[in-house]
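Undergrad:
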Amino acid sequence: LSLHGQGDQLKVDIKPGTNFHLGPVLPGDDSCFKEVLLYNPTDYPIDVYSVDFDAAYLEEEEMLKVYDKYNNYNLTELPVRTVGDKPWKVVEENAIRLRQEQERQDAM
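Residues in the sequence shown are numbered from 1433 upward in steps of one, following this note's numbering.
#1: If you follow the alpha helix (DSSP H) that Thr1538 is part of, which residue opens it and which one closes it?
#2: Got a sec, what are the start and stop residues for the alpha helix (DSSP H) Leu1490 sits in?
#3: Where do the N-terminal and C-terminal ends of the beta strand (DSSP E) with Asp1445 fall, by residue?
#4: Assuming Tyr1502 is part of the beta strand (DSSP E), what are its boundary residues?
#5: In the DSSP output, which residue or residues are listed as bridge partners for Leu1435?
#6: State the start and end residues of the unbroken beta strand (DSSP E) segment that holds Leu1470.
#7: How many angstroms separate the CA atom of Leu1458 from the CA atom of Ala1488?
#8: By a C-beta neighbour count over all protein chains shown, 10 Å radius and 16 as the cutoff for buried, is Val1523 buried or exposed?
#9: Please classify Ala1541: is it buried, with 16 or more other beta-carbons within 10 angstroms of its beta-carbon, or exposed?
#10: Give every residue of the same chain whose Cβ lies closer than 8 angstroms to the Cβ of Val1498, excluding the five residues on either side of it in the sequence, and list them in chain order.
#11: Please report how far the alpha carbon of Thr1514 lies from the alpha carbon of Lys1521, in whole angstroms.
This is the structure in structure tokens:
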């Protein structure tokens, strides 16, 4: 078996640099900020989000945690999504099914 291929590497440039210092900040202090610019030098769209504050990301992570189609190595194969796509339908349907089963059990 002989396979050949080529991969593309995604890249994001951070300006003014990859190292900056913000210093201590008090909660609710709107006067302390630092502007950081992200540049995408590739032809591929890149989605940037905060794993702590993005509700859609957090919801999707919960769906993937309960997804039951992982193999013995804790891996699964799902199609590549484009930026902004909703979660995979099979993952979403699995989460809904499990949630409904839990609600039925809780109602008993």
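Beta carbons are placed, not taken as given, at the ideal position from N, Cα and C, and that holds for glycine.
It should be emphasised that the depicted structure is a prediction, and the values quoted were computed from it without experimental measurement.
TA: Checking against the coordinates, here is how it stands:
#1: Correcting the residue identity first, residue 1538 is Asp in this sequence and not Thr. It spans Lys1521 to Ala1539 - the alpha helix (DSSP H) in which Asp1538 sits, taken as one unbroken run.
#2: Ala1487 to Val1498
#3: Asp1445 to Lys1447 is the span of the beta strand (DSSP E), which, as asked, contains Asp1445.
#4: Careful: Tyr1502 lies outside any beta strand (DSSP E) and carries neither H nor E.
#5: Answer is none; Leu1435 lacks a bridge partner.
#6: Its beta strand (DSSP E) spans residues Leu1469 to Tyr1471.
#7: Taking the Cα positions, Leu1458 is about 27 angstroms away from Ala1488.
#8: buried
#9: Given that the chain is displayed from residue 1433 to residue 1540, the structure contains no residue 1541 and the question cannot be resolved.
#10: Asn1526, Ala1527 and Leu1530
#11: 14 angstroms
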